[in-house]
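Data first, discussion second: the structure below is written as structure tokens.
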Amino acid sequence: MKARLLSAGHFKIVVLSLLAGILYLGAHFFVDTFRVNRIWMDRVEIPSALAFDATTFDFLVEGGAIWPVRDGVSVALGHAPCNTLAMRSPETVTLVSGPAGEAGRKYVRELCESAQGERIRQQVANFNQSYRIVAVSDNREADNALKSDQGVACADGVSTARLFVPARCLPNKWDATIAADGRAVQSITTATISQFDYAFLASETESFFGDWKVITPVIDTQTGEAGEYRFRTTMTFGDMPVSIRTIGAVRSISINGAPLNIDPTTGPEDVAEAAGLRQLASLAILCADDTRSIGHHVSCEGENPRGRPMGSRIFLSEPKGRVVDLELLIEPSIRIDRGLRRYLANRENGAPDVAGEKVSLGFGRIRVACELSGFAVGNSATGGPDTGCELSWNVPGNQRVERQSEPLTGLELAGLPVLDQQGALTQKAFQLGLGGLLGLGTGDSGSVAAALTRTGEGENPSLTLIPDYQEKALAALEQNYTCPKGEERCERRADLVILDADGENAGNVLAIASLPQPRTGMSSWDIETLELTASSKSPLAAYAWRNYDLRGTPGSAFKLITALAASQHVLDTDDKALESVLLGTATPLQIADLFGIAATRPSFNGRCKPDYEVRDPKKMNALPILGARDRIVFCMGNSASSAGVRSGISHILETGVESGCGDARIPRAGMCEAIKRSSNLFFAGIAMYLDADKLLDPETGFEHTELVSDLILAREAERFFPAARDPEAIKRKSALDILDVNYPATGRGRASPMIVEAGLPVPPGEPRRLRLARGGIGLSVSASPLAMASVAASVATGKIVRPHLVPRAERGPSDDPVEGEPLLLAPPEKQALADRFLRELRDGMGAVIRKKGGTSRSAFAKIPAELRDAIYAKTGTAPVFNSNAPPDGRYAAWLVGYVDPQQGLPGIDRKIAFACRVAFSPSYGGSVCGPVVRDFLLGLYEGEK
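Take a look at the structure:
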């Protein structure tokens, strides 16, 4: 009996063991499968699955079931109708060449009955809809939203929107019908709107627009024509006018049953008069302006702008509380390719046709290539041979799609909530000016907030910003930022960047403030459209680290780099003549002779006749610049006095005690004095001395037009801040290398490079040496405030500094071989000379602030002496000739430098570097940016005391 029981017990044990083993193996299998699936989710391979559709598309085009229709200057696609008749008697359906017949049955059946035919018909519809569209949007919620601290309640019943309005937060409240028969139509996705074509409707000044109501016009599949649409809504007015914008031209507007009809011949004066009679604040019909860049528009009342993207803006002002029934009759916008529009405009101006030249049109999978010569107003055609258009199907190859990491939520900065649990920028963070840096949250496409990822440990990243510094930086800008005529907002832009310049933390971004701040309540469509098509107009343009135009010209602040380039050249070559010039042991006459400075009349404006017989340094006030054919094209000079007089090279001659350049009691003229006085003659002369010969063809002796990659000035600038993106560096960067030139992602997290234009290729005849001379004084140069703050931090530390927004411990060690290098590279036997050069440079920057004749002395004259004695700076002023510049704002004003609290200063416990820039400034760098930096530093100093 015992034996039997034992056997039964063993049997149970064996069975249980087998079951446990099976369960273990099964669990291991599922875990392994889950792991593989997780890897697959992280990196999904999507093979091309459209080749069969492409074959079917070619088959249908060849059989005449799909064809192009050219209506004058626009293109649509037609196809055989897929209706009940097509199903029952496909041979009776009309193809491009006529009835299908027995031979055409297969084409009709393939188009109308197969799955691939259905997909192709949808692509045809998408193509036609992309070129013919009608839409409407309004900001009726703005009045209530701007009165509330919470903004506006979104349709989901949970979230609110104040900083920006995401898609689907404010659903559209317009109903749409076909005007001809009253049939209701449904809205489609906003993605159908071409942001490039309709960028002129994006607004950076209006708030709280709801979603677009986008209608795809019902298009006759054989003629490509589309009719008009009626949009109806009811709205209650508050204190503010309501803004309505449409894609397509408003041909009639009815307010409580009182219509105003507008046909294509109605001129703008008649429209304005009629609008006024019906309490319309304004009504304008707009078209894209093909003569200017994307985003510009012209008024196009009184014409039929067929082919140009067309829209309308309406402002309604009604008594508060009034309920109004509105009805708009809108003609769909029929747009054509921008390049085609330019071609037609050129042909109207007499330009000849170019045989065989084509334009390529496309949306979705379909591409249409048409001969340009066939396009003309009134010249319509159907079918490939008559239209000159060829159809093709775009088949993408295999593409790898990286799964995006989960968006950040709950991000904090020293206990301050920055991103809320939905990933949106918090109100406090917006008030601190972090909207310009981070964007409006993870839903703001292309923003730094959207680009930031969690650390390798899965935690939210830290930011190097110090809230107190950020608050005081923004306050300093606000105290000194003004617009012409007292306007609240204008084109004037102001930025202040503060970097750590102490030890291992050198380069950490402590504050980035910009004005004007983003307007609250902008719609996501406006933000994305401006960012995509006209970044310089974007309210989140990130001017502090991105360059768009001449506003990124640093002017004389760049002379720091010119001085360092000359110093490095001496260390590399033992150039004794240049060494004596830099150290102040050469006389002004020797400086003039070395650089080619000559005398001319005291007052001149770029053009001069040098008199080489005059040998008085006080009168030697011009640096003649030769052009491509060795004729003088320009004369560089120092800034003119109020009387128009330009000083000679001897204006930098001072005794060391007076100038702040050493303690010598005899007159001297060197790099230190030239920095203090910001001498154009000195630094333009250095640039020409170092690099002018490299711009000449050795065979002809004239200037060549090719790329010059070994300019000393450009090479030195690139050490401080990259001049271009490096593919190898991009591969090494992580998602936490925000504000790096080589940051791998697109969007606003990527900094603009620093560019010296003198080495770039030029058109024949353009004077390259003039570019070089201008580069020496920071004019033919592009640099952002972040780049110039990095230069200042490098001078402060004596090492090359790169900016960082995420601490070193989280982003990992630098892989930049230049970061941390000595500012001046010298062998041991020349280190003393390198230290002397750096001391001369720093003394000159100190004299800018503290000594008579310093270009920013007046701004800092009344601050406490212990604070003033710790500041080192260089001013910069660059002329900005831009059509958007205000009448009193023709300059980019700069001040860059650092604070070295050697004995310890209240509120400032480390070296910090700064860069201030005010674009479209009414005055010079020292007088405009000086007060900004002064007030920031006083805020830290007095706050602690």
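Okay, so the sequence shown: first residue is 179 according to the numbering used here, each after it adds one. Every residue, glycine too, gets a C-beta built ideally from N, C-alpha and C. From a predicted model like this one, the values you see are computed outputs, not experimental measurements.
Sequence-distant residues of its chain with Cβ nearer than 7 Å to residue i (five each side left out)
i: ASP321; result: GLY416, ASP417, MET418
i: PRO939; result: THR883, GLU884, LEU885
i: GLN328; result: THR338, ARG340
i: ARG361; result: THR355
i: ILE1041; result: ARG1112, LEU1116
Span separating the alpha-carbon of residue i from that of residue j
i: THR394; j: SER511; result: 11 Å
i: VAL748; j: ALA722; result: 33 Å
i: GLU637; j: ASN683; result: 21 Å
i: CYS347; j: GLU666; result: 28 Å
i: LEU591; j: ALA720; result: 20 Å
i: ALA254; j: CYS567; result: 11 Å
i: THR711; j: ILE853; result: 40 Å
i: LEU1116; j: CYS465; result: 50 Å
i: ASP1066; j: ASP915; result: 39 Å
i: SER490; j: PHE1038; result: 51 Å
i: GLU1122; j: GLN657; result: 20 Å
i: TYR285; j: LEU597; result: 56 Å
i: LEU1118; j: PRO876; result: 57 Å
i: THR1033; j: SER326; result: 46 Å
i: VAL1077; j: ARG779; result: 41 Å
i: LYS909; j: ALA923; result: 11 Å
i: PHE409; j: ASN350; result: 11 Å
i: ALA974; j: GLN1080; result: 12 Å
i: PRO931; j: SER960; result: 8 Å
i: PRO766; j: TRP703; result: 60 Å
i: PHE541; j: MET265; result: 29 Å
i: LEU263; j: ALA357; result: 27 Å
Option in the options with minimal Cα separation from residue i
i: LEU708; options: ASP808, THR383, GLY815, GLU590; result: THR383
i: LEU728; options: THR1055, GLU944, ASP389, PHE409; result: THR1055
i: PHE1092; options: LEU950, VAL969, GLU505; result: VAL969
i: SER819; options: VAL792, ARG855, GLY834, ALA254; result: ARG855
i: PRO985; options: ARG429, VAL687, ILE775; result: VAL687
i: SER962; options: THR698, ILE544, ARG928; result: ARG928
i: CYS661; options: PRO1042, LEU597, PRO1079, PRO694; result: PRO694
i: GLU635; options: GLY990, PHE235, LEU379; result: GLY990
i: ALA331; options: GLU509, ARG545, PHE782, PHE386; result: PHE386
i: VAL239; options: ARG248, SER252, ASP249, GLY256; result: GLY256
i: SER381; options: TYR1069, GLY613, PRO696, SER887; result: PRO696
i: GLU649; options: ARG632, LYS606, GLY954; result: LYS606
i: LYS1089; options: GLN1009, GLY1103, GLY552, VAL979; result: VAL979
Sequence-distant residues of the same chain with beta carbon closer than 6 Å to residue i, five excluded per side
i: GLU1044; result: none
i: ALA691; result: GLY611, ALA651, LEU652, LEU655, LEU674
i: TYR647; result: ILE676, LEU688, ALA689
i: CYS1094; result: LEU674, LEU1073, CYS1107, VAL1110, VAL1111
i: LYS797; result: ALA777, GLY826
i: CYS786; result: THR778, ALA800, CYS813
i: ILE217; result: Note that ILE217 has pLDDT 30, beneath the 50 cutoff, so the model's placement of it is unreliable and the number below is only indicative. Excluding positions up to five away in sequence, the list is empty.
i: GLY1022; result: CYS850, ILE853, LYS854
i: TRP390; result: ALA313, SER315, THR368
Close-in-space but distant-in-sequence residues of the same chain around residue i (CB under 8 Å, 5 per side omitted)
i: LEU550; result: LEU518, TYR521, ASP531, VAL532, GLU535, LYS536, VAL537
Short CB-CB distance (under 8 Å) between residue i and chain D
i: THR620; result: The question asks about chain D, but that chain is absent: this structure has only one protein chain.
- Query: If we count Cβ pairs, one from each stretch, closer than 8 Å, do we get three or more for the stretch 614-626 versus the stretch 585-603?
  - Reply: yes
- Message: Could you tell me which whole alpha helix (DSSP H) segments of length 4 or greater appear in the stretch 945-980?
- Response: Counting whole runs of 4 or more residues, the stretch 945-980 contains the alpha helix (DSSP H) stretches 946-954, 963-975.
- Every unbroken beta strand (DSSP E) within the stretch 339-364, with a cutoff of 3 residues, ordered by chain: Taking only runs of at least 3 residues, the beta strand (DSSP E) segments lying wholly in the stretch 339-364 are 353-356.
- Message: For the stretch 740-759 against the stretch 804-812, do three or more pairs of beta-carbon atoms, one drawn from each stretch, fall closer than 8 Å, so that the two count as touching?
- Response: no
- Query: Do three or more CB pairs link the stretch 746-762 to the stretch 1010-1020 at distances below 8 Å?
  - Reply: yes
- Please list the segments of the beta strand (DSSP E) lying wholly inside the stretch 668-756, counting only runs of 3 or more residues, in order along the chain. List check, beta strand (DSSP E) in window: 671-678, 687-693.
- Query: Any chance the stretch 904-919 sits against the stretch 854-868, with 3 or more Cβ pairs inside 8 Å?
  - Reply: Flag = no, the stretch 904-919 and the stretch 854-868 do not touch.
- Item | Continuous beta strand (DSSP E) assignments of at least 3 residues falling wholly in the stretch 810-854 | The qualifying runs are 810-814.
- Message: Check whether the stretch 884-898 and the stretch 833-852 are in contact - that is, three or more C-beta pairs closer than 8 Å.
- Response: no
- Given 8 Å as the limit, is there contact between the stretch 286-300 and the stretch 232-247, that is, 3 or more CB pairs closer than that? Taking 8 Å as the limit for Cβ pairs, the verdict is that the stretch 232-247 does touch the stretch 286-300.
- Message: Whether or not the stretch 418-430 and the stretch 304-314 are in contact is what I'm after, with contact meaning three or more pairs of Cβ atoms, one per stretch, closer than 8 Å; do they touch?
- Response: Touching, per the Cβ criterion.
- Query: At what residue ranges does the stretch 539-565 contain a whole run of the beta strand (DSSP E), taking only runs of 3 or more?
  - Reply: Entirely contained in the stretch 539-565, the beta strand (DSSP E) runs reaching 3 residues are, in chain order, 544-549, 558-560.
- Within the stretch 235-279, note down every full alpha helix (DSSP H) run reaching 4 residues or more, in order along the chain. 262-266
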